[in-house]
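Protein chains in written order, with our numbering: chain A, 57 to 353; chain R, 997 to 1281.
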C-alpha cells in the first residue's frame, strides 16, 4: 500500500514538474541566471561586447562619490514618488468613494477613469506634451481664462517634474478600480448599525470605511512605490530628462549608463542600488503598516 | 418622524446630485485630453496653432491621417506591433495557464517553495535583470529582431498571470478532473478539454491585459530594436516626433490617435473582463 502511494506521489511530482517546466525554464534563463550575472557585472567594467575587467568595488564607490547624477536622479525619482504616490492614493480613494454609491451611470464614470490607464503608452505621452505646450497647449489656455499666465511647463526646471506628476496622477484608473473593489467588500450591515446609532457620513467614512479599506490602500501604496521608482517613458519622451536634469530619473540613469554609454557593469550596479532602495522603503512601509493596516483575522 | 425621513431623503438627494456634479467634472478632466487629441488631429496646420484654441475645427481635414501615416513607414510599424502583440499574447495565455494548472492541481514536495518563488519574482524590479538579459539576447543574435519581445512570453507568461489563473483553477472542483481520469483522460486532456474552457473568462482577462501591455510597451522595443524596418508603433511614434513632432502637431496627434484606437475598441469590447482582472488584483493583495 505504501509502495503504491509512493508511486502515485512520484507520478504526481513528475506531472507537477512537467506542467510548471515552462516557468521553471524561464525562471532559470530570464531571472536566476541574469540575477547572478548581474551581481557579477557589479564588480566589472564590462561593455556590450562582454569585454571588461574585474574592478572590485569601484562601481559602487563611483556611484556614491564620483557620480553627481546618481544623487540627482535618485532625488528626482524620490520627488516623483513622494508626490505622485500619495496624490494618486488620495485621489483614487475619493473617486472610489463617490463611485461606491448607489447611483446610475457608474459604468460610464468607471470607463472614463479607466481609459487613461489602458492607453498610457507613447501616443498618450505625446498628447500630454501638446497639452503642456507653453503657448498653444490647453492647460495654459485654461489658466489664462482665470488671468493666470501658465509656466513653460516642460522647459521650466521648477515645473517639468510637476507636469510629469500630473500626467502620472491622471492614469490612476487601475487603483480606482482596486479601491472600489475593496469598498464593495465592506459589509453593508456595519453602515446600517452605525446609522441606527446616528453616525454622520463623516463618522462612517473615518470609523468604518477608512479602517476597513487600509489593506487595499496598503496594496496600492506598495505597488505605487515600486512602479514610481521605475518611471522612465514619460520623462524620457517629454523632456529627455531636462531641462538641466530636473526630470532625469533613476531609471533613465540606468538606461543611459548601459545603453548609451555602454557601461554594462555600472548600469548593473545602479540597478542593484535601486533594488536596495526599493527594498528598504518597502520594508519601512511594511513595518509601519502594522500600526495602520487593519486585518480582521 | 415623517418629517425626519423626508429631510433625510432630501439630504440624500442633495448628496447624490453633488456626487454627480463632482464625478462629471472629474470625468471631463480624464476624458478631455482625448477630445483635444481628436480635435487637433482634424485641424489644418494654421488652426492647430491658434489662440484661443477651438475644440471643433473650423476646417475639417483628413490630410493629417493620410500624410502622417506616409511620412514614416507606419504600416510596417503596425504590422510589427501586431506580430509582437499577437504572438506574445498567445505565449502568455498558453504558458501561464499551463503552468498555473500545474501549480493548482499537482502536489509535490517543492510546490510550496516554487510557488513562493513565483510570487517573489513579482517583487523584483526588472532593471536588475535588464543588462544580462540584453547581453544574452545579443549573444543569441536576436538584437534588432522581434524575438526578444516575443519569446520570453512563452516561458510561463509572467508571475502575475500564473498567480491569477491558479486562483481561477482552484475555484473549479477537483471532482471534475477525477471523473475525467476515470473515463481514461490524461492530465493534458483534462487541462485543455475541461479546465481551459471552464476558465475562459479568466483567459480572456489575461489575454486582454497582455494585448494592451505589449501594444503600449516602450522599454523593450527601445532597447532591442535599432532599424526602421523593425520598429514597433511605440518606437515609430517617438521617431516620428523627433523628426517632425512639434512643428506638425496635427499630424502627430492624428497618427497617435490611430494607434490608440485599437486599444480603445478592445477596451470597450472586453470592459467586463478588464475590470474583473483588475479587481482580482486588489482582493488578493
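Using N, Cα and C, we set each Cβ at its ideal position, and we do this for glycine too.
Starting from residue 71 of chain A, find everything on chain R with Cβ-Cβ shorter than 7 angstroms and list it in chain order. 1102 and 1183, listed in chain order.
Here's the rule: buried if 16 or more other CB atoms are within 10 angstroms of the residue's CB, otherwise exposed. What is residue 347 of chain A? Residue 347 of chain A should be labelled exposed.
Residue 330 of chain A and residue 313 of chain A: beta carbons closer than 8 angstroms? Taking a C-beta distance under 8 angstroms as the contact criterion, residue 330 of chain A and residue 313 of chain A do not qualify as a contact pair.
Given that residue 1230 of chain R touches chain A, what residues does it touch there, using C-beta distances under 7 angstroms? The answer, in chain order, is 177 and 178.
For a contact meaning CB atoms closer than 8 angstroms, what does residue 1018 of chain R contact in chain A? Listed along the chain, the chain A residues whose CB falls inside 8 angstroms of the CB of residue 1018 of chain R are 154.
Is residue 108 of chain A close to chain R? Criterion is C-beta to C-beta, closer than 8 angstroms. Judged by the 8 angstroms Cβ criterion, residue 108 of chain A is not in contact with chain R.
Considering only DSSP beta bridges, list what residue 100 of chain A is partnered with. According to DSSP, residue 100 of chain A bridges with A:110.
Measure the C-alpha to C-alpha separation of residue 1280 of chain R and residue 318 of chain A and round it to an integer number of angstroms. The predicted model places residue 1280 of chain R with a pLDDT of 46, which falls under 50 and marks its position as unreliable; any figure quoted below should be read in that light. Each residue's alpha carbon lies about 41 angstroms from the other.
With H, G and I counted as helix, E and B as strand and the rest as coil, what does DSSP make of residue 1072 of chain R? DSSP places residue 1072 of chain R in helix when its eight states are reduced to three.
Any C-beta of chain R under 8 angstroms from that of residue 104 of chain A: Chain R contact via Cβ: present.
Option in A:308, A:350 and A:137 with minimal Cα separation from residue 222 of chain A: Out of A:308, A:350 and A:137, A:137 has the C-alpha closest to the C-alpha of residue 222 of chain A.
Near-chain A residues of the stretch 1036 to 1049 of chain R - C-beta to any C-beta below 9 angstroms: Listed by position along the chain: 1036, 1044, 1045, 1046, 1047, 1048 and 1049.
Just to make sure I have the definition right: I need the residues of chain R whose C-beta is within less than 8 angstroms of the C-beta of residue 64 of chain A. Which are they? Within 8 angstroms Cβ-Cβ: nothing; residue 64 of chain A doesn't reach chain R, min ~10 angstroms.
The stretch 1081 to 1095 of chain R in contact with the stretch 1151 to 1158 of chain R per 3-pair CB rule at 8 angstroms: They touch, by the three-pair rule.
Between residue 224 of chain A and residue 172 of chain A, how many whole angstroms is the CB-CB distance? I'm expecting something under 8 angstroms. Taking a contact as a CB-CB distance under 8 angstroms, the pair residue 224 of chain A and residue 172 of chain A does not count as one, their CB atoms being some 10 angstroms apart.
Check whether the stretch 155 to 167 of chain A and the stretch 232 to 241 of chain A touch, using three or more Cβ-Cβ pairs below 8 angstroms as the test. Yes: at least three Cβ pairs fall under 8 angstroms.
Can you check whether the C-beta of residue 68 of chain A is within less than 8 angstroms of a C-beta belonging to chain R? Yes, residue 68 of chain A lies at the interface with chain R (some Cβ there is under 8 angstroms from its Cβ).
Residue 136 of chain A CB to nearest chain R CB: under 8 angstroms? Interface residue (Cβ-Cβ distance to chain R less than 8 angstroms): residue 136 of chain A is not classified as such.
At a Cβ threshold of 8 angstroms, is residue 93 of chain A touching chain R? Judged by the 8 angstroms Cβ criterion, residue 93 of chain A is in contact with chain R.
Own chain, CB closer than 6 angstroms to residue 310 of chain A, minus 5 neighbours either side, in chain order: Within the same chain, and ignoring the five residues on either side of residue 310 of chain A in sequence, the residues whose Cβ sits closer than 6 angstroms to its Cβ are 323, 326 and 327.
Looking at the secondary structure, which residues open and close the alpha helix (DSSP H) in which residue 1195 of chain R lies? Boundaries for residue 1195 of chain R: no alpha helix (DSSP H) harbours it, and the DSSP string shows neither H nor E there.
Does any C-beta atom of chain R lie closer than 8 angstroms to the C-beta of residue 320 of chain A? Output row for residue 320 of chain A: interface = yes.
Segment contact flag, the stretch 1101 to 1117 of chain R with the stretch 66 to 85 of chain A, C-beta cutoff 8 angstroms, min 3 pairs: The stretch 1101 to 1117 of chain R vs the stretch 66 to 85 of chain A: in contact.
Of the residues R:1038, R:1259 and R:1030, the one placed nearest residue 1056 of chain R, counting alpha carbons only: Cα-wise, what sits closest to residue 1056 of chain R is R:1038.
Return the chain-ordered list of same chain residues with a C-beta closer than 7 angstroms to the C-beta of residue 1198 of chain R, the five sequence neighbours on each side being excluded. The residues are 1160, 1161 and 1164.
Below 8 angstroms on C-beta distance, what does residue 1211 of chain R contact in chain A? The answer, in chain order, is 177.
May I have the straight-line CA-CA distance separating residue 1135 of chain R from residue 106 of chain A, to the nearest angstrom? The straight-line gap from Cα to Cα measures roughly 9 angstroms.
DSSP on residue 1204 of chain R, reduced to helix/strand/coil? Helix at residue 1204 of chain R.
Is residue 1280 of chain R helix, strand or coil by DSSP? Unreliable positioning characterises residue 1280 of chain R in this predicted model, as indicated by a pLDDT of 46, which lies under 50. The coordinate reading is nonetheless provided below. Coil, per DSSP.
Interface flag, residue 1266 of chain R vs chain A, CB-CB below 8 angstroms: So no, residue 1266 of chain R is outside the interface.
Minimum Cβ-Cβ distance from residue 1255 of chain R to chain A less than 8 angstroms: Among the residues facing chain A, residue 1255 of chain R is included, as its CB has a counterpart in that chain under 8 angstroms away.
Quick one: Cα of residue 1048 of chain R to Cα of residue 1060 of chain R, how far? Taking the straight line from one Cα to the other gives about 21 angstroms.
Straight-line Cα distance separating residue 1111 of chain R from residue 76 of chain A: The alpha-carbon separation between residue 76 of chain A and residue 1111 of chain R amounts to approximately 10 angstroms.
Bounding residues of the alpha helix (DSSP H) (the contiguous stretch that carries residue 1219 of chain R): Note, residue 1219 of chain R: alpha helix (DSSP H), 1215 to 1220.
What span of residues does the alpha helix (DSSP H) with residue 340 of chain A cover, start to end? Residue 340 of chain A -> alpha helix (DSSP H) spans 320 to 348.
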